[in-house]
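For any residue, its number in our numbering is found by taking its place in the sequence shown, counting from 1, and adding 15. Notes follow once the structure below has been shown.
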Amino acid sequence: MPLSLLITPVLLALSVNIDSFAIAIAYGIKRLRIGLSTNLFIALVSAIGTFLSLSVGAEFAQALSAIIARDVGSLVLIAGGSWGIWQALSRQRRRRLNVKRSPSVSAASGVVASLQPSPRQRQAATEASPPPEFLHEFSYERFLDNPEKADRDYSGAIDVRESIALAFGLTLNNLTVGVGAGIAGFPANLTTLLTFVLSVLAITLGYRLGRQSRIKLSGQWAGLLSSLLILFTGLYEYFKP
């Protein structure tokens, strides 16, 4: 296989595993051990999700000519990468604004109280939206910000059962990218294999890095790096000869 055909599958597999790398760093810092079986399970779920999304994209591509399918798939990757960059930057900006706008401890109690919603308003807000814990049950950022939440039995290790939500969260986060890659004609078997192998390596290396240093890759930066790689992959696929 020509080297040029390996570039985009490798870039895609790298982009979808940056989140796994960031998660593993956070677990290493917290000394939450990730065993081999857990590592393989997360990689397997991610690989299956990649294969299924690529297959769905390939089915869509059947209705298009090869050139149009490649262009459409590339544009989906470009749009997905751009959207991810915008989301990461927006979350970062909102977090900074929340810090700046947080009420001062010395604020007058009457003023603070006047800003609080009434009991009826709080009840309406609760009924209108699901609990935050439910919304973030399958969000990898939930585990990135609070790694210890995955260790439900407080054993100091993440077993396969405890990693189910994390594995599906990492997979769901990349389904759109897989569909776009499938439309663009990425080889499903090779991309799936690369996703599996790089997932195992990302978790292994990230965990060791976290244990040996205090470097932490935040959810915003992980999302930004992943989205930049996806954007670059789409641009490369679109403009390549």
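Where a beta carbon is used, it is the ideal one built from N, C-alpha and C, also for glycine. Computed from a predicted structure; not experimentally measured.
Cβ contact (3+ pairs, closer than 8 Å) linking the region 68 to 79 and the region 198 to 218: yes
Proximal residues to S242 (C-beta, below 7 Å), its chain only, five neighbours per side dropped: G96, G99, I100, A103
Buried/exposed call for I83, threshold 16 Cβ in 10 Å: Exposed, because fewer than 16 other Cβ atoms sit within 10 Å of the Cβ of I83.
3-residue-minimum beta strand (DSSP E) runs that sit fully inside the region 186 to 217, ordered along the chain: Counting whole runs of 3 or more residues, the region 186 to 217 contains no beta strand (DSSP E) stretch at all.
Backbone CA spacing between Y42 and V194 [nearest angstrom]: 30 Å
Pairwise C-alpha distance: L239 and E74: 29 Å
Neighbourhood of V175 by C-beta, 7 Å cutoff - its chain only, sequence neighbours within 5 removed: S52, T53, F56
Anticipated Cβ contact below 8 Å, L69 with A203, distance rounded: 4 Å
Proximity below 8 Å, CB of L29 to CB of T206: no
Residues of its chain near G72, where Cβ-Cβ distance is below 7 Å and the 5 sequence neighbours each way are ignored: G88, G193, V194, G195, A196, G197, I198
DSSP bridge partner residues for A172 (one or two, in chain order): BP columns for A172 point to R48.
Beta-carbon contacts of T23 that lie in its chain and below 7 Å, excluding the five residues immediately before and after: Close CB contacts of T23 within its chain, under the 7 Å cut and outside five residues either way in sequence, are with F201, T248, Y251, E252 (chain order).
K255 in three-state terms, based on DSSP: coil
Rounded Cβ spacing between I173 and I49 (contact assumed at less than 8 Å): 5 Å
Helix, strand or coil at L85 [DSSP, three-state]: The sequence shown places Arg at residue 85, rather than the Leu named in the question. It is helical.
Straight-line Cα distance separating R109 from V127: Residue confidence is low: V127 scores 42 on pLDDT, short of 50, so the model does not pin down where it sits. No coordinate-derived value is stated.
A37 to L213 span [Cα, whole Å]: 13 Å
Alpha-carbon to alpha-carbon, L209 and D86: Taken atom to atom, the span from the alpha-carbon of D86 to that of L209 is near 23 Å.
Nearest-angstrom Cα separation, counted from L112 out to G221: 30 Å
Member of I218, N32, L59, G171 whose CA lies at the smallest distance from the CA of I40: I218
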